[in-house]
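Reviewing the structure listed below.
2 protein chains.
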Amino acid sequence: MQRAAALVWRGCCPRTPGPWGRSQSSAAAEASAVLKVRPERSRRERILTLESMNPQVKAVEYAVRGPIVLKAGEIELELQRGIKKPFTEVIRANIGDAQAMGQQPITFLRQVMALCTYPNLLDSPSFPEDAKKRARRILQACGGNSLGSYSASQGVNCIREDVAAYITRRDGGVPADPDNIYLTTGASDGISTILKILVSGGGKSRTGVMIPIPQYPLYSAVISELDAIQVNYYLDEENCWALNVNELRRALQEAKDHCDPKVLCIINPGNPTGQVQSRKCIEDVIHFAWEEKLFLLADEVYQDNVYSPDCKFHSFKKVLYEMGPEYSSNVELASFHSTSKGYMGECGYRGGYMEVINLHPEIKGQLVKLLSVRLCPPVSGQAAMDIVVNPPVPGEESFEQFRREKESVLGNLAKKAKLTEDLFNQVPGIHCNPLQGAMYAFPQIFIPRKAVEAAQAHKMAPDMFYCMKLLEETGICVVPGSGFGQREGTYHFRYLCLSAAWGWSQLGLGKLGASYHRARAGSRD
Amino acid sequence: MQRAAALVWRGCCPRTPGPWGRSQSSAAAEASAVLKVRPERSRRERILTLESMNPQVKAVEYAVRGPIVLKAGEIELELQRGIKKPFTEVIRANIGDAQAMGQQPITFLRQVMALCTYPNLLDSPSFPEDAKKRARRILQACGGNSLGSYSASQGVNCIREDVAAYITRRDGGVPADPDNIYLTTGASDGISTILKILVSGGGKSRTGVMIPIPQYPLYSAVISELDAIQVNYYLDEENCWALNVNELRRALQEAKDHCDPKVLCIINPGNPTGQVQSRKCIEDVIHFAWEEKLFLLADEVYQDNVYSPDCKFHSFKKVLYEMGPEYSSNVELASFHSTSKGYMGECGYRGGYMEVINLHPEIKGQLVKLLSVRLCPPVSGQAAMDIVVNPPVPGEESFEQFRREKESVLGNLAKKAKLTEDLFNQVPGIHCNPLQGAMYAFPQIFIPRKAVEAAQAHKMAPDMFYCMKLLEETGICVVPGSGFGQREGTYHFRYLCLSAAWGWSQLGLGKLGASYHRARAGSRD
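Each protein sequence line maps, in turn, to chains R and V. Under UniProt numbering, residues 1 to 525 are what the first sequence spells out, in order. Under UniProt numbering, residues 1 to 525 are what the second sequence spells out, in order.
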């Protein structure tokens with residue numbers, strides 16, 4: 001075989017391959033004879049296989065784009081090929097992507113970004129002066145005055161200053177230091193980086209990371225990748241998904257048996273659950289973290305998505321600060337935000353930041369070093385983040401339009417959240433907690449025993465079974481609760497409220513109920 | 001201490017903090033008394049320290065933005081504060097960022113991106129029709145027709161098709177399958193992802209990754225992060241940095257003693273060395289990888305940067321294909337490209353792709369799963385990549401301007417590369433190999449023994465010592481060869497050719513020579 005191969009490549013072949021790419025020389029013919037290779041490809045064992053691959057990567061799961069979404073893609077292809085179904089399109093209610101659902105970008109943000117992208121437009125009368133001013137400021141802070149240069153690894157300086165100023169305003173004057181601000185490639189990148197730098201130890205000293213159940217499955221995926229230990233604490237479904245410090249304590253105590261718990265992750269407002277934590281709850285959590293020496297991660301990407309008039313977003317940073325210096329000088333806290341949610345919905349730009357306070361002085365250098373290997377986050381995403389934290393203000397030319405667009409988007413989100421909650425609660429077998437914030441409903445579905453058995457016979461989690469049926473019968477793609485975690489014996493799914501087109505949704509929800517009844521009757525497809 | 005803290009946070013404080021943020025209640029006063037806390041902060045031990053952090057992250061080094069660049073930043077701040085120096089600005093010749101050096105973006109690319117960013121511009125007469133057509137095509141392939149939606153994790157479909165078409169054209173008809181194309185957040189992201197999925201095993205079975213010395217230090221950094229084993233193979237400086245398969249064989253044999261070598265990384269054109277591999281060399285390498293069962297990574301981000309008329313870029317994919325089916329059906333190959341280099345220099349957009357062929361069928365799903373956790377690469381960067389692979393063609397309205405701009409940029413790069421090479425070779429104590437491609441010079445500097453001793457007394461690598469002096473005396477920031485790897489006892493630095501402003505550079509290079517002579521004379525400062 002080697003000789004044949006050698007003949008082929010040692011220059012016995014003409015340089016111009018034949019129509020199917022293989023050389024046609026006599027050497028190739030001879031090689032084929034030696035190799036006993038038919039014109040079809042021979043296949044030898046691969047270097048990279050399920051057995052040889054990184055086992056930590058193999059263990060990773062990410063349900064938001066997992067098996068049900070792959071199924072949705074297959075169904076879309078079938079629809080394209082003209083195969084008839086009970087529906088004409090797949091509704092992708094699996095992912096928090098507002099613009100994919102038709103939400104319009106904020107005009108001012110896109111104007112500034114267009115000006116930054118193609119600075120010739122700074123001479124165009126079609127753009128307002130306040131947008132031009134923002135664009136010039138950003139460009140002047142970029143290498144070569146261009147979005148095309150790498151920025152500093154921590155991000156463009158003036159954007160970090162703007163982020164710090166935003167945080168200070170948001171938090172009623174609690175100071176934020178630009179030096180503690182790091183621009184990131186979406187919040188996911190920041191969360192992953194912080195977890196990466198934290199995880200160490202082996203055996204029973206391996207770092208434990210406390211995460212809420214249900215959680216946004218980035219956390220469990222990164223914990224798998226890093227071979228850290230996942231420590232679950234359960235949110236209280238009976239109590240609108242509240243976080244109870246006793247439950248934190250329970251989870252921590254049990255975890256100490258088999259790992260070194262060092263990190264506590266909070267998602268507020270919650271994903272998938274949508275609960276907005278009370279100030280008291282946040283204080284309790286901070287005290288717990290201080291007492292038990294836990295590094296706090298506060299995922300606050302939905303800070304602009306609070307619907308319930310009884311709820312208010314309090315940042316962990318602000319509450320920490322107001323608890324006095326014993327806490328505010330000592331609790332290591334990383335808080336995350338993103339351009340993907342809120343009212344701007346700029347998921348595709350992969351913009352985000354983290355504010356990381358009370359780091360050991362030697363650690364900061366390590367963090368920047370780690371970030372520097374990837375050079376910098378996309379500068380266009382940094383520019384988007386700048387507009388998010390530094391939008392038009394009253395008196396500015398673009399303010400009125402900005403205000404209208406923002407209110408329209410947030411009003412639409414709030415309305416759809418409420419309608420979704422109400423509609424789900426009309427369907428027998430489905431119960432939806434009040435939606436306080438974020439973008440999803442995470443209703444509980446009561447799956448009868450026979451349906452559970454049917455699912456198990458199909459080797460599926462019962463809620464995955466339900467969701468697959470829902471997808472096949474109605475075209476609605478939601479993510480089963482098993483992808484986020486849930487108490488044993490309970491079943492849920494996560495549904496993006498924005499995907500509700502109301503006439504259609506009633507049809508869909510009617511079918512949801514019908515699916516339930518059929519499952520209850522024990523029918524299988 | 002706990003009681004005081006408890007008093008402070010259990011609601012004894014008024015909600016409105018005082019001017020310096022701390023509550024002013026009597027409880028706080030009592031707490032302070034109990035804690036014996038003065039108004040200054042108390043400091044307790046941190047959770048995240050050099051001892052407790054991820055040791056793999058601690059081991060990471062990335063010289064391109066390492067200590068010398070931090071020093072350059074300090075000097076810039078000193079200049080800003082008015083401190084007098086022998087120069088008025090720092091020249092950042094440490095990083096391959098063309099636009100930071102004043103290179104202009106390609107107009108057509110920025111026009112298409114502006115149209116995608118702010119589609120109102122599709123109605124503007126100021127944009128050519130061919131740019132609008134490209135923009136519409138990209139937007140139609142995006143969710144919600146917006147760059148602000150997440151794309152599929154593998155990237156926008158039509159952009160992957162365009163990349164595959166580009167590869168096929170570039171490779172003279174050798175077919176590329178869009179299904180093997182993955183858009184990435186710069187090439188760094190793709191390289192890191194592939195290495196991550198490959199690394200496994202423990203002890204003497206830990207995955208070994210063969211990398212060239214000198215290398216672009218992303219490779220060593222990622223190998224550190226993943227706790228894989230770095231296996232060095234030395235490029236031949238006497239022979240214009242050629243890759244010699246005997247050296248590959250030597251490195252592999254030695255490595256088998258202590259690890260499981262599974263991966264062979266090639267950078268072509270080379271970074272920092274700039275050599276362009278001959279076709280024969282590529283065939284030799286492919287045969288070696290086939291014979292020794294190594295997964296091939298071909299980093300080809302400089303494929304558009306070839307200067308020497310005696311050299312030609314051959315893609316690994318094309319050569320592999322032309323070696324016949326025993327190779328082309330079996331060798332697992334990942335090839336990488338980026339928007340950061342070439343003639344477009346769009347570093348800040350973090351655009352890139354990888355073409356991965358001959359993966360085990362079960363592995364592809366694992367790869368897409370891993371990518372899905374980060375959702376998708378920035379869609380703006382994907383759009384930039386689309387224009388790179390699908391630029392204006394003859395007959396199109398924008399072609400002439402595009403052609404002129406491209407030729408101007410590449411001509412300028414080629415000229416500066418030659419001038420840099422010639423100038424360095426005029427300086428005693430510096431020898432620069434011919435620059436065949438990429439964007440850097442990597443000259444060897446002959447540091448006399450006394451200077452080496454002086455460096456060691458400062459606990460610095462001798463070339464770091466030299467580069468620090470160069471920075472302090474001339475403001476030129478280059479990266480010492482020790483950051484890239486080099487044969488024991490040799491010293492180099494990497495210099496971005498683009499940063500040569502000619503009048504200035506002669507001054508700089510004159511000083512380079514002066515520095516050398518002073519070092520030779522054994523002077524220390």
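Backbone N, C-alpha and C fix where the C-beta goes; we use that ideal spot for every residue, glycine too.
Check: Considering only their Cβ atoms, is the gap separating R:A289 from R:I266 smaller than 7 Å?; Outcome: no
Check: Could you tell me whether any Cβ in chain R is nearer than 7 Å to the Cβ of residue 554 of chain V?; Outcome: In this structure chain V extends from 1 to 525, so residue 554 of chain V is not present and cannot be described.
Check: Any heavy atom of the ligand GTP closer than 6 Å to the beta-carbon of V:F399?; Outcome: The ligand GTP is absent from the structure shown, which contains no ligands of any kind.
Check: Please report whether the beta-carbon of V:N330 lies at a distance below 7 Å from any beta-carbon of chain R.; Outcome: yes
Check: Does the segment 281 to 288 of chain V come close enough to the segment 320 to 340 of chain V that 3 or more CB-CB pairs lie under 8 Å?; Outcome: yes
Check: Here's the rule I'm using: 16 or more other beta-carbon atoms within 10 Å means buried, otherwise exposed. How should R:R110 be labelled?; Outcome: buried
Check: Would you say V:A33 reaches chain R, if we count a Cβ-Cβ gap shorter than 7 Å as a contact?; Outcome: Only weak support is given to the placement of V:A33: the predicted model assigns it a pLDDT of 45, under 50, and the value that follows is read from those uncertain coordinates. No, V:A33 lies away from the interface with chain R (no Cβ there is under 7 Å from its Cβ).
Check: Establish whether the CB of R:N268 and some CB of chain V are separated by less than 7 Å.; Outcome: no
Check: Do you know how far the Cα of V:G483 is from the Cα of V:Q444?; Outcome: 14 Å
Check: At which residues does the alpha helix (DSSP H) containing R:L50 begin and terminate?; Outcome: No alpha helix (DSSP H) holds R:L50; DSSP gives it neither H nor E.
Check: Relative to the C-alpha of V:F446, which candidate in V:C432, V:Q436, V:V389, V:P178 has its C-alpha closest?; Outcome: V:C432
Check: Helix, strand or coil for V:A384? Go by DSSP, reduced to three states.; Outcome: helix
Check: Going straight from the alpha carbon of R:L48 to that of V:S335, what length do you get?; Outcome: 16 Å
Check: Considering just the uninterrupted stretch of the alpha helix (DSSP H) at R:L470, what are its terminal residues?; Outcome: 462 to 474
Check: V:S360 versus chain R: which residues are under 8 Å apart at the beta carbon?; Outcome: The amino acid at residue 360 of chain V is misidentified as Ser; the sequence shows His. Simply R46, L48, T49, L50.
Check: At a Cβ threshold of 7 Å, is V:V379 touching chain R?; Outcome: yes
Check: Checking 7 Å against the spacing of the C-beta atoms, do residue 541 of chain V and V:I229 come in under that value?; Outcome: Residue coverage of chain V in this structure runs from 1 to 525, which leaves residue 541 of chain V outside it and unanswerable.
Check: For R:K369, count neighbouring C-beta atoms within 10 Å of its own C-beta (all shown protein chains included) and say buried if the count is 16 or more, exposed if not.; Outcome: buried
Check: Can you check which of these residues, V:I430, V:Y182, V:P55, is closest to V:G352 by C-alpha distance?; Outcome: V:Y182
Check: Give a yes or no on whether the minimum CB-CB distance between R:Q99 and chain V is below 7 Å.; Outcome: yes
Check: Taking 7 Å as the cut-off, decide whether the C-beta atoms of R:V231 and R:P261 are in contact.; Outcome: yes
Check: When the Cα atoms are used, what is the spatial distance from V:G274 to V:G96?; Outcome: 12 Å
Check: Along the chain, where does the alpha helix (DSSP H) containing R:D284 start, and where does it finish?; Outcome: 279 to 292
Check: For V:E497, tell me which candidate among V:Q80, V:G489, V:L435 has the shortest Cα-Cα distance.; Outcome: According to the sequence provided, residue 497 of chain V is Cys. The question's Glu does not apply to it. Cα-wise, what sits closest to V:C497 is V:L435.
Check: Can you list the residues of chain R that V:L218 reaches, using a CB-CB cut of under 7 Å?; Outcome: V373
Check: Is it the case that the Cβ atoms of R:A451 and R:F424 are separated by a distance below 7 Å?; Outcome: no
Check: For V:C265, which residues does DSSP report across the bridge?; Outcome: V:L297
Check: Go ahead and pull the three-state DSSP assignment for V:P105.; Outcome: coil
Check: Just how far apart, CA to CA, sit V:L470 and V:I91?; Outcome: 11 Å
Check: Where do the N-terminal and C-terminal ends of the beta strand (DSSP E) with R:G351 fall, by residue?; Outcome: 351 to 357
Check: Nearest-angstrom Cα distance between R:P272 and R:A438?; Outcome: 8 Å
Check: Counting C-beta neighbours from all protein chains within 10 Å, is the total for V:E362 16 or more, i.e. buried, or is it exposed?; Outcome: exposed
Check: Taking the alpha carbon of R:L139 as the reference point, which residue from V:Q99, V:F127, V:T107 has its own alpha carbon closest?; Outcome: V:Q99
Check: My understanding is that R:A165 touches R:S398, with C-beta atoms under 8 Å, so please give their C-beta distance in whole angstroms.; Outcome: Not really, about 19 Å apart at Cβ, beyond 8 Å.
Check: What is the DSSP secondary structure of V:R494, reduced to helix, strand or coil?; Outcome: strand
Check: At 7 Å on the CB atoms, spell out the chain V contacts of R:Q456, in chain order.; Outcome: Those within 7 Å of R:Q456 in chain V number zero; the least Cβ separation is about 24 Å.
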